[in-house]
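Take a look at the structure below.
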Amino acid sequence: MKIKISSLSEGRHFYKLDATVEELELPVEFFGKVKVQVLLEKTKDHILLRVTLNVHRHCECDRCLRKYDREFLNEYHMFYIHDISNKHLYDEDVVTVIRKDQDYIDISNDVRDYAMLAIPMKNLCKDDCKGLCPKCGADLNFEKCTCEIEKVDPRWLTLKELLKQ
Ligand SMILES: [Zn+2]
Ligand SMILES: [Zn+2]
């Protein structure tokens with residue numbers, strides 16, 4: 012995923028790019044194309060990219076183990092500068108020094124990293140997924156079982172969920 016920056020005028024430029032998950036070397040749970048929108052702003056000091064990306068991933072619900080596919084969004088920005096002595100003017104996570112004669116900015120690595128960061132720690136098929144019965148394994152979203160479900164004090168729920176992981 013490259014953006015040509017040689018002979019680019021100062022001001023704003025807009026790009027739409029895409030690449031397959033294989034091209035970006037994303038893990039196998041990802042599928043299809045990663046679509047990226049880039050707003051580029053060039054000044055005499057730097058090039059600023061504001062990047063929005065969407066990506067599709069095969070997921071498995073942490074509660075009911077159902078498999079589902081979902082689209083995830085993420086966005087980030089990155090400054091590109093030529094003069095390393097100006098680097099301290101920027102937050103170090105969002106600045107990249109490039110050579111003066113560099114013709115392209117390759118955003119593949121950043122897009123891959125931010126695609127991975129778009130995935131939440133907790134995967135739920137829906138926010139109120141009822142999960143599986145811990146005794147008989149019935150999917151409580153679809154059926155009621157006759158097992159006695161222990162009553163959980165709601166104050167302990169977070170701790171209990173944490174212990175499950
Ligand atoms: Zn679920
Ligand atoms: Zn049950």
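Just so you know, the sequence shown maps onto residues 12 to 176 in the working numbering. Ideal placement from N, C-alpha and C gives every residue a C-beta, glycine not left out.
Classification of residue i by the beta-carbon crowding that lies within 10 angstroms, buried from 16 upward
i: residue 158; result: exposed
i: residue 45; result: buried
i: residue 19; result: exposed
i: residue 99; result: exposed
Segment limits, beta strand (DSSP E) that includes residue i
i: residue 186; result: Only positions 12 to 176 of the chain appear in this structure, which leaves residue 186 out of reach.
i: residue 124; result: Unbroken run through residue 124 is the alpha helix (DSSP H), 119-128; no beta strand (DSSP E).
i: residue 48; result: 41-53
i: residue 37; result: Residue 37 -> no beta strand (DSSP E), and no H or E assigned at all.
i: residue 6; result: The first residue shown for the chain is 12 and the last is 176, placing residue 6 beyond what the model contains.
i: residue 152; result: That residue, residue 152, is in no beta strand (DSSP E); it is neither H nor E in DSSP.
Beta-carbon proximity check, residue i vs residue j, cutoff 7 Å
i: residue 65; j: residue 84; result: yes
i: residue 49; j: residue 26; result: yes
i: residue 122; j: residue 47; result: yes
i: residue 87; j: residue 107; result: no
i: residue 24; j: residue 51; result: yes
Expected contact under 8 Å - CB spacing of residue i and residue j to nearest Å
i: residue 16; j: residue 80; result: Not a contact, Cβ separation roughly 35 Å.
i: residue 70; j: residue 140; result: Their Cβ separation, rounded to whole angstroms, is 12 Å, which puts residue 70 and residue 140 out of contact at 8 Å.
i: residue 126; j: residue 42; result: Not a contact, Cβ separation roughly 12 Å.
i: residue 68; j: residue 130; result: 6 Å
Residue i Cβ short of 6 Å to ligand 3 heavy atom set
i: residue 74; result: Absence of ligand 3 from the depicted structure is noted, with ligand 1 and ligand 2 being the only ligands included.
Any chain C beta carbon closer than 7 Å to residue i
i: residue 155; result: Absent from the structure: chain C. Only one protein chain is present.
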